[in-house]
Amino acid sequence: MIKKLLTSVLDVIYPPTCMICQRALYEKEQSICLSCLNELPLTRLSYSEVNEADKIFWGLVDIEKVMSFIYYEKGSNFNHLLHNLKYKGYYQLGTTLGQLMAQGIDPCFFKTIDFIIPVPIHPKKEKQRGYNQALWLSKGIQRVYSIPIDCDTLQKGVFTESQTRKGVYERRTNTEDVFQFNPNKRMEGKHILLVDDVLTTGATLTACCSLLKSEMNVKVSILTFALTRE
C-alpha cells in the first residue's frame, strides 16, 4: 500500500515518459505512448510464406519459421527502444516489448512451440549489464502464451566482442564455437523458439540453432523484436 502510494506521488512529480518521443505517458500507457505505438515500423511479415527474415538463413541451417516484429533502421527514433533495453538498464522494458510482440503476431506462430530459449550472453557480459535482454523479451511472450522458458540448455562459454560494428564474415567467425550445450537437457521431438532482440546477419542465431539441431532431434523457430534494414 505504502509502495503504491509512493509510486503514485513520484509519478506526479516525475511523470514517466515515452521511450521514443519523451512525451509524458498517460495512466494506462506503458513505456510507449499510444501515438508512437501506432507509428511502429512493423515488418508485417507472414510466417507461413517465405519472407526476408527467412532468406537470411538460407543455406546455413534448417529453421521452421522466422519472424521479426519491427524494422530497425539507422537514424530511426524507434531505435531508442532497443538502445534503452540493451544498454541503459531498462530491463523491464523487455517484458513490455515481448508482450507487445506476442500480441501483434499471428497466434498460430506460437501454437506448436514447446519451449522458449532466450539467446544466451556470456556470464561476464550479463554481470556487467545486470541482465540478459533476450530473457526479458521472452518473459513478455510468456505472459501472453504461458510457454515455458529454458535458460539451461544453451550457454555462451566464450566471451566475444560486440557484433555491432562487424560485417557478415566477421560476425560469423566471431560466433563459431562460442555456445555450449548442456548434455543433461533433453528435448527430443520438441519445437523450440529462439528469442533475441535484433536480427542482422543471423550469425548468432545460426550458431545457436546449429548447435541445438546437432545435439537433439528438435525443430527450431526464431523470433526477434527487430529486423535490421538499411
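Heads up: the sequence shown at position 132 corresponds to 308 in this note's numbering, and the numbers run straight through without jumps. Quick reminder that beta carbons are idealized off the backbone N, C-alpha and C, glycines included.
DSSP state of residue 259, grouped into three classes? Counting from one through the sequence shown, the residue named residue 259 turns up at place 83. DSSP places residue 259 in the helix class (H, G or I) of the three-state scheme.
I need the straight-line Cα distance from residue 371 to residue 384, nearest angstrom please. Indexing the sequence shown from 1 puts residue 371 at position 195. Indexing the sequence shown from 1 puts residue 384 at position 208. Distance from the CA atom of residue 371 to the CA atom of residue 384, rounded to whole angstroms, is 11 Å.
Selection from 390, 377, 207 that minimises the alpha carbon distance to residue 258: Here the question's residue 258 lines up with position 82 in the sequence shown. Residue 207 holds the alpha-carbon nearest to the alpha-carbon of residue 258 among 390, 377, 207.
Contact between the stretch 283-297 and the stretch 360-374 (3+ Cβ pairs under 8 Å): They touch, by the three-pair rule.
Does DSSP put residue 243 in a helix, a strand or coil? If you number the sequence shown from 1, residue 243 lands on position 67. Note: residue 243 maps to strand in three-state DSSP.
Thinking C-beta only, is residue 216 closer than 7 Å to residue 246? The sequence position of residue 246 within the sequence shown is 70, counting from 1. The sequence position of residue 216 within the sequence shown is 40, counting from 1. In this structure, the beta-carbon distance from residue 246 to residue 216 falls below 7 Å.
Could you give the distance in angstroms between the alpha-carbon of residue 197 and the alpha-carbon of residue 213? Residue numbering aside, residue 197 sits at position 21 when the sequence shown is read from its first letter. Residue numbering aside, residue 213 sits at position 37 when the sequence shown is read from its first letter. Near 11 Å, if we compare the C-alpha coordinates of residue 213 and residue 197.
Report yes if the CB atom of residue 237 is closer than 7 Å to the CB atom of residue 382, and no otherwise. Residue mapping note: residue 237 aligns to position 61 of the sequence shown, counting from 1. Residue mapping note: residue 382 aligns to position 206 of the sequence shown, counting from 1. Cβ atoms of residue 237 and residue 382: closer than 7 Å.
So what does residue 367 bridge to, in DSSP terms? Along the sequence shown, read from residue 1 onward, the residue named residue 367 stands at position 191. According to the DSSP secondary-structure assignment, residue 367 is paired through a beta bridge with 395.
Please report how far the alpha carbon of residue 404 lies from the alpha carbon of residue 262, in whole angstroms. Position 228 of the sequence shown holds residue 404. Position 86 of the sequence shown holds residue 262. The alpha-carbon atoms of residue 404 and residue 262 are separated by roughly 16 Å.
Based on Cα-Cα distance, which residue from 305, 375, 330, 304 lies nearest to residue 230? The residue given as residue 230 occupies position 54 in the sequence shown. Of the candidates 305, 375, 330, 304, the one whose C-alpha sits nearest the C-alpha of residue 230 is 375.
In whole angstroms, what is the alpha-carbon distance linking residue 407 and residue 205? With the chain covering only 177 through 406, there is no way to say anything about residue 407.
Sub-7 Å separation of residue 401 and residue 313 beta-carbons: In the sequence shown, counting from the first residue as 1, residue 401 sits at position 225. In the sequence shown, counting from the first residue as 1, residue 313 sits at position 137. Closer than 7 Å, so yes.
Determine, using beta-carbon pairs with one atom in the stretch 307-327 and one in the stretch 387-394, whether at least three such pairs fall under 8 Å. Segments in contact, no.
Terminal residues of the alpha helix (DSSP H) in which residue 198 lies: For the purposes of this step, residue 198 is taken as residue 22 along the sequence shown, with counting starting at 1. No alpha helix (DSSP H) contains residue 198, which DSSP labels as neither H nor E.
Boundaries (first-last residue) of the alpha helix (DSSP H) holding residue 293: Numbered from its first residue, the sequence shown carries residue 293 at position 117. In the DSSP assignment, residue 293 falls outside any alpha helix (DSSP H) and within the unbroken beta strand (DSSP E) covering 291-294.
Just verifying my parser: in three-state terms, what is the DSSP assignment at residue 286? As a working note, residue 286 is residue 110 in the sequence shown. Looking at residue 286 - three-state DSSP - the assignment turns out to be helix.
Could you check where the beta strand (DSSP E) with residue 332 kicks off and where it finishes? Reading the sequence shown from its first residue, position 156 is the one you call residue 332. It spans 330-332 - the beta strand (DSSP E) in which residue 332 sits, taken as one unbroken run.
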